[in-house]
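Notes follow once the structure below has been shown.
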Amino acid sequence: MSEFDKVQTAVEFLRHRSGLRPRIAVVLGSGLGAFADQIANRQVVPYPEIPHFPRSTVQGHSGNLVLGEVGKVPVAVMQGRVHYYEGYSMQEVTFPTKVLARLGIRRLIFTNAAGGINKRFKPGRLMIIEDHLNLQSTNPLLGPNEDRFGLRFFDMSEAYDPRMRKVASAAARKLTLSVHRGIYAGLTGPSYETPAEIRMLRTLGADAVGMSTVPEVIVANHMGVKCLGISCITNMAAGVIKQKVNHEEVMLMGERVKGDFIRLLRAIIPRLEELDSQDQ
Ligand code: HPA
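The sequence shown maps to residues 10 to 289 in my numbering.
Okay, here's the thing in structure tokens:
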């Protein structure tokens, strides 16, 4: 079966499962699953039930597509994602993004955990992603182009939609949440970086480093879906301060910041809906 047909099969399945037709979706990173639990009129679809959907294996990623409403706005929320470092192919990593795009999603919010490279950054703050560096040594769109998804060669100069970033900044201001803004470097992991690598990334212009989001954002842009990315700076990256990086610390900080993150998402979503009505 072609990739296109697999995507369509998943889309048809979801259309039968729910009458909800969301135009906004959220992809939740590690430890943010609680956001999905607060959604009104929820319909939970476990990933294994969705045809061709990859299953997530990492702790803290439970693996459900949750359809429902945030402040009356219909949304699709991915509770858990799969990563390249788990051994999935780039096709598998980006399959859910393709399904969301074909389902009618026009705006996608990606959340993740990241290490802070910028010395002015503080662990526990959120960062609105302005742009990214694809340092995963590959691209999810290598191979024949699927013209029904998008163009062979396409623009990435506003990969993170400026209007969505503005909305996120304004929502943070209103909540009196201090947020950073910066460049996200996407690496494969699963090892955290060496101090030398972090110095290299800083020289390249990166403010934060993580192991996700970049492939999905590339595919979303290919399919004309506008993207917003928000990182939780869970720790300072290797060598920035005299402290080793460990997964437990990352998860713990994610847990501490979860409340802010969820409040911000809940504030952003209705404003994105307004952006769309301005467009019409
Ligand atoms: N490096 C890479 N990915 C991460 C980090 C880090 O320091 N923290 C959270 N995700």
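For every residue, glycine included, the Cβ atom is placed at its ideal position computed from N, Cα and C.
Can you grab the Cα-Cα spacing for the pair residue 152 / residue 112, in whole Å? 23 angstroms
On a Cα-Cα basis, can you pick out the residue from 83, 105, 233 and 217 that is closest to residue 130? 217
Could you give the DSSP three-state label for residue 69: helix, strand or coil? Summary for residue 69: the model assigns pLDDT 49, below 50, so the residue's position carries little reliability; its value from the coordinates is reported in the next sentence. Correct three-state label for residue 69: coil.
Straight-line CA distance for residue 69 to residue 21? Residue placement at residue 69 cannot be trusted, given a pLDDT of 49 that sits under 50; what the coordinates show is reported in the next sentence. Looking at the two C-alpha atoms, the distance is approximately 28 angstroms.
Can residue 93 be considered in contact with the ligand HPA, in the sense that its beta carbon sits closer than 6 angstroms to one or more heavy atoms? no
Mind checking whether the beta-carbon of residue 217 lies closer than 6 angstroms to any heavy atom of the ligand HPA? no
Thinking C-beta only, is residue 207 closer than 7 angstroms to residue 180? no
Which residues share a DSSP beta bridge with residue 235? 116
The ligand HPA heavy atom lying under 6 angstroms from the CB of residue 193: no
Please report the Cβ distance between residue 35 and residue 118, rounded to the nearest whole angstrom; I am assuming they are in contact, meaning their Cβ atoms lie under 8 angstroms. 5 angstroms
When DSSP builds the beta bridges, which residues end up paired with residue 136? 189 and 240
May I ask you to report which of helix, strand or coil DSSP gives residue 33? strand
Since residue 126 contacts residue 211 with CB under 8 angstroms, what's their CB separation in whole angstroms? 5 angstroms
What is the C-beta distance between residue 134 and residue 188, in whole angstroms, given that I count them as a contact (C-beta under 8 angstroms)? 6 angstroms
Output the distance between the C-alpha atoms of residue 261 and residue 271, rounded to the nearest integer angstrom. 16 angstroms
With a floor of 4 residues, list each alpha helix (DSSP H) that falls wholly inside the segment 157-214, ordered by position along the chain. 171-183 and 204-212
Just checking my contact of residue 273 with residue 186 at CB under 8 angstroms: how many whole Å lie between their CB atoms? 6 angstroms
In whole angstroms, what separates the C-alpha of residue 196 from that of residue 202? 9 angstroms
Look at the alpha carbon of residue 28 and the alpha carbon of residue 76, and state the distance between them as a whole number of angstroms. 10 angstroms
Thinking residue 184 and residue 120 are a contact (beta carbons under 8 angstroms), I'd like their distance in whole angstroms, please. Going by Cβ atoms, the distance from residue 184 to residue 120 rounds to 16 angstroms, so no, they are not a contact pair.
Among residues of its own chain, excluding the 5 on either side of residue 31, which ones have a beta-carbon nearer than 7 angstroms to its beta-carbon? 76, 83, 84, 85 and 114
Beta-carbon within less than 8 angstroms of residue 13's beta-carbon, same chain only, minus the 5 sequence neighbours each way: which residues are those? 155, 157 and 158
Can you tell me where the alpha helix (DSSP H) with residue 43 in it begins and where it stops? 43-46
Range of the contiguous beta strand (DSSP E) that encloses residue 17: No beta strand (DSSP E) holds residue 17; the alpha helix (DSSP H) holding it covers 12-26.
Taking DSSP's pairing of strands, which residues face residue 76 in a bridge? 52 and 85
Is the segment 132-146 touching the segment 158-177 in the sense that three or more CB pairs, one from each, lie closer than 8 angstroms? yes
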